[in-house]
Amino acid sequence: MLSYETILTTCTYCGCGCGILLEVLDGRIIGTLPQKDHTITQGGLCIKGWNVHQFIYDQGRLKRPLVKRDGKFTETTWEEAIEEVATKLNRIKEEYGPDSICGLTSARCTNEENYIFQKWMRAVIGTNNVDHCARL
Amino acid sequence: MTNSIPELEESDCILVTGSNTTEAHPLVASRILRAKQKGATLIVIDPRRTQIARYADIFVRQKLGTDVAWINGLMHIILKEGWENKEFISKRTEGIEELKKELENYPPEKVEEITGISRADLRRIAEAYAKAKNASIIYAMGITQHITGTDNVISLANLAMLTGNIGKASSGVNPLRGQNNVQGACDMGGLPDVYPGYQSVTNETIAKKFEESWNAKLSRKPGLTIMEMFQSIEEGKVKAMYIMGENPMVSDPDLKHVEHTLKKLELLVVQDIFLTETAKLAHIVLPGVSFAEKEGTFTSTDRRVQRVRKAIEPLGEAKADHEIICKIAKRMGNDSFNYDSEEKIFEEMTRLTPIYHGITYERIEKDGIQWPCTNSEDPGTPFLHKDQFSKGKGTFFPIPYREPAEIVDEEFPFWLTTGRIGFQYHSRTMSGVSPSLQKEAKEGYVEMNPFDAIQLGIEEGEKVKVISRRGTIEIKTKLSFNVGRNMVFIPFHYFESAANVLTNTAVDPISKIPEFKVCAVRLEKIEEENP
């Protein structure tokens, strides 16, 4: 038996905040439907909304951490990647001070992720150099 | 937004300026069109004849970068005719005398000369807006992406306060935010001068509250904005940059310079779902997941906090962005990044953030809640500034008109403005790989007036060079009367013909927003090489 379910969530394109249902067939998203009783959506979506699931399985999706060696990307493990980022950031922080590091958080990510990002920049790295593309 | 999207439907006059609403915010546009169906007057003021302009009762084009002048011009007329809301002004505002003095400098004939909007149109607009019962202003990047972006926004606020069109349902000043969670990223303290909930990093009491909760010593010095970050990399002061889910290689002004700058970094880490133009320059790239592979919340443009739910497992070894950051934080030696779930992160945030204090996952299980929501009984806030402004009285700030940073001249005789199209999204990382969307709008174009094309001997669909003081791109033409004479428009989405190679990096002194909406260019035919 194939399983079919719809997952209620919020569209990831513009700032309207439309309620959508992702159609999941056997663990794979196959379509998007508007939420009928949503305050903003009222059963309607724009063309981007109707197609919001289409980019998810694009073959260009990154699936493993990459590290550049001699100008070329090679795949690496999470452990090694995290180790390298943390060590390098710690070294730069020690050598040049926390304000020599800056971070761009994301208008595409969730509130939880943005909260964690700025907490990390402020509490761990020790700088307020955190911004995102609100202006762009 | 001071109001909610659904409220727009009940406005009796809607002034849309600098917002291509039907393309960039379709579901807001549908409410505007419904209001019009119910009898509202729709006014559109935009240098381009956008789709929504075709439905307008009054549509006028202003010259690029002259917004302060027309807004002051409207207020001049309103005061002269006695259409202002005297009760609102005396009860809820201060500084009207200073404003009146400045507005004397904006008689209709002068405003007509600066802006290109006729005296008669200015008067019609002033009357329709001022006499409406519930008038709403809608704006977007067309107002903010100027060196006078802050001035433009303050001027619109002046106009709303002068006529009492704020602090009630269906009536206010409504910026439309471009990205799904740009409101949330700001709310969460993704800004260099504030903690979550717009609490200043320079305020001692607030900083102590966060120090206690995060068990860390925190800097009281406001950080760098994006544009300042690039400058500091250039000056050698910034050595490392961590970019989560952003693509400045398409979205920022003067791209050649951005690339040159990013290459100077000792360490560039990019966390994204695709190998974006920015990620290609990184030393380390970490794979994040899409919105469908994680739990959390987004906050929409009308301050509505809503749930994001996981529909599928992460692809490959990709991880949710917060998981990656928590791993790095722990590896850097900090132990306050242990969370069992996204809900736990949300709870920590709401404890520290008064405007989100009353919101829980349970309360937004079905419908979202609009902040401020300060306690568990608080139903949230559909519109802001009801009985008073957050600072008490609303202050009128007199704003003099200033010209854009770059003006057309003999060498660069065309005005360039940039913007979005309905089928693509920002830097196209997602929409560009969506077959249905890509089919509709495969490549970039420069929109130009047919009369200008004839004069330059350029044809529809011909590839031309567009040149500014920053760079040159080659791009196909699209002839259209949607743009006036001596003006061109390029959607900024396409890396292959990137409008932001051309745009000016001059920024607003307060908001630091770059002037994407105005610069000077020239167009050249590409001469075919003779065989």
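Taken in order, these protein sequences are the chains called A and B.
Per our numbering, the very first residue in the first sequence carries number 1; after that it's consecutive.
Per our numbering, the very first residue in the second sequence carries number 1; after that it's consecutive.
By construction, the Cβ of each residue, glycine as well, lies at the ideal position given by its N, Cα and C atoms.
Any beta carbon from chain B within less than 8 Å of residue i's own beta carbon?
i, result
"Gln35 of chain A", "no"
"Ser3 of chain A", "no"
"Glu112 of chain A", "yes"
"Thr74 of chain A", "no"
"Ile30 of chain A", "no"
"Ile20 of chain A", "no"
"Gly44 of chain A", "yes"
"Glu83 of chain A", "yes"
"His71 of chain A", "Reading off the sequence, residue 71 of chain A comes out as Gly, not His. So no, Gly71 of chain A is outside the interface."
Against chain A, with Cβ distances strictly below 8 Å, would residue i count as a contact?
i, result
"Leu437 of chain B", "yes"
"Lys208 of chain B", "no"
"Lys371 of chain B", "Residue identity differs from the one stated: residue 371 of chain B is Trp in this sequence, not Lys. For Trp371 of chain B, the answer is no, since every Cβ of chain A falls outside 8 Å of its Cβ."
"Val269 of chain B", "yes"
"Thr299 of chain B", "yes"
"Val285 of chain B", "yes"
"Arg124 of chain B", "no"
"Ala405 of chain B", "no"
"Val173 of chain B", "no"
"Lys386 of chain B", "no"
"Ala292 of chain B", "yes"
"Ala40 of chain B", "no"
"Ala499 of chain B", "no"
Take residue i and list the residues in its own chain whose beta-carbon comes closer than 7 Å to its own, dropping the five residues that flank it on each side.
i, result
"Thr202 of chain B", "Arg220 and Pro222"
"Leu224 of chain B", "Pro192 and Ser232"
"Ser4 of chain B", "Asp302, Gln370, Pro382 and Phe383"
Leaving out five residues on either side along the sequence, give the residues of the same chain with a beta carbon under 6 Å from the beta carbon of residue i.
i, result
"Ser497 of chain B", "Gly444, Ile473 and Ile475"
"Gly60 of chain B", "Looking at the sequence itself, residue 60 of chain B is Val, so the reference to Gly does not match. If we look at Val60 of chain B and ignore the five residues flanking it on each side, its Cβ neighbours are Ile45, Ile117 and Asp121."
"Ala499 of chain B", "Thr418, Ile490 and Phe492"
"Pro404 of chain B", "Gly65 and Val518"
"Glu23 of chain A", "Thr6, Ile30 and Gly31"
"Ala279 of chain B", "Val270, Asp272 and Val285"
Can you grab the Cα-Cα spacing for the pair residue i / residue j, in whole Å?
i, j, result
"Gly392 of chain B", "Thr477 of chain B", "51 Å"
"Met229 of chain B", "Asn129 of chain A", "8 Å"
"Gly149 of chain B", "Phe397 of chain B", "14 Å"
"Val433 of chain B", "Leu45 of chain A", "19 Å"
"Glu277 of chain B", "Val250 of chain B", "7 Å"
"Val507 of chain B", "Ile154 of chain B", "17 Å"
"Gly288 of chain B", "Gly31 of chain A", "22 Å"
"Leu104 of chain A", "Val464 of chain B", "35 Å"
"Lys63 of chain A", "Ile273 of chain B", "8 Å"
"Glu406 of chain B", "Ile325 of chain B", "41 Å"
"Thr21 of chain B", "Ile52 of chain B", "7 Å"
"Val68 of chain B", "Glu79 of chain A", "54 Å"
"Met311 of chain B", "Thr9 of chain A", "Correcting the residue identity first, residue 311 of chain B is Ala in this sequence and not Met. Each residue's Cα considered, the two are about 9 Å apart."
"Val446 of chain B", "Leu281 of chain B", "28 Å"
"Glu84 of chain A", "Ile116 of chain A", "20 Å"
"Arg123 of chain B", "Tyr425 of chain B", "37 Å"
Which chain B residues sit within Cβ distance under 8 Å of residue i?
i, result
"Gly103 of chain A", "Met241, Tyr242, Ile243 and Met244"
Closer than 9 Å by beta-carbon distance: list the chain B residues that pair up with residue i, in chain order.
i, result
"Asp26 of chain A", "Near Asp26 of chain A there are no residues of chain B at all, since even the closest Cβ is about 10 Å away, more than 9 Å."
Taking 7 Å as the cut-off, is the C-beta of residue i nearer than that to any heavy atom in the ligand ADP?
i, result
"Glu347 of chain B", "Among the components modelled here there is no ligand, and therefore nothing to report on the ligand ADP."
Please list the partners that residue i has in chain A, where partner means a Cβ-to-Cβ separation under 9 Å.
i, result
"Val567 of chain B", "Outside the shown range of chain B (1 to 531) lies residue 567 of chain B, about which nothing can therefore be said."
"Cys326 of chain B", "Ile116 and Trp120"
Just to make sure I have the definition right: I need the residues of chain A whose C-beta is within less than 8 Å of the C-beta of residue i. Which are they?
i, result
"Pro6 of chain B", "Thr39 and Ile40"
"His25 of chain B", "Cys14, Gly15 and Cys16"
"Thr381 of chain B", "Within chain A, no residue comes near Thr381 of chain B; the closest Cβ sits about 14 Å away, beyond 8 Å."
"Gln183 of chain B", "Gly15"
Mind listing the chain A neighbours of residue i? Cutoff is C-beta to C-beta under 7 Å, in chain order.
i, result
"Val446 of chain B", "Within chain A, no residue comes near Val446 of chain B; the closest Cβ sits about 20 Å away, beyond 7 Å."
"Lys316 of chain B", "Residue identity check: residue 316 of chain B is Gly in the sequence provided, not Lys. Under the 7 Å cutoff, chain A gives Lys63 and Arg64."
"Trp542 of chain B", "Because chain B in this structure spans residues 1 to 531, residue 542 of chain B falls outside the shown range and cannot be described."
"Glu342 of chain B", "Glu112"
"His322 of chain B", "Glu112, Glu113 and Ile116"
"Val433 of chain B", "Phe55, Asp58 and Gly60"
Give me, in chain order, the residues of the same chain whose beta-carbon lies closer than 8 Å to that of residue i; leave out the 5 immediate sequence neighbours on both sides.
i, result
"His385 of chain B", "Thr2, Ile166, Gly167, Gly172 and Gly394"
"Glu308 of chain B", "Here residue 308 of chain B is Val; the residue named in the question, Glu, does not match the sequence. Within the same chain, Val308 of chain B has close Cβ partners Phe291, Lys294, Glu295, Gly296, Thr297 and Phe298."
"Met161 of chain B", "Phe88, Ile89, Arg92, Thr93, Gly394 and Phe396"
"Glu317 of chain B", "Pro287"
"Pro26 of chain B", "Gly422"
"Phe481 of chain B", "Arg49, Asn449 and Pro450"
List, in chain order, every chain E residue whose beta-carbon is nearer than 9 Å to that of residue i.
i, result
"Arg307 of chain B", "Considering every chain present, this structure includes no chain E. Its protein chains are A and B."
Jot down the residue ranges of each uninterrupted beta strand (DSSP E) in the stretch 458-488 of chain B, minimum 3 residues, whole runs only, in chain order.
-> 463-467 and 472-479
Enumerate, from N- to C-terminal direction, the unbroken beta strand (DSSP E) stretches of 3 or more residues contained entirely within the stretch 56-144 of chain B.
-> 58-60 and 135-139
Give, in chain order, every unbroken run of the alpha helix (DSSP H) that is at least 4 residues long and sits entirely within the stretch 22-90 of chain A.
-> 47-50
Beta strand (DSSP E) segments (min. 3 residues) lying fully within the stretch 350-387 of chain B | none
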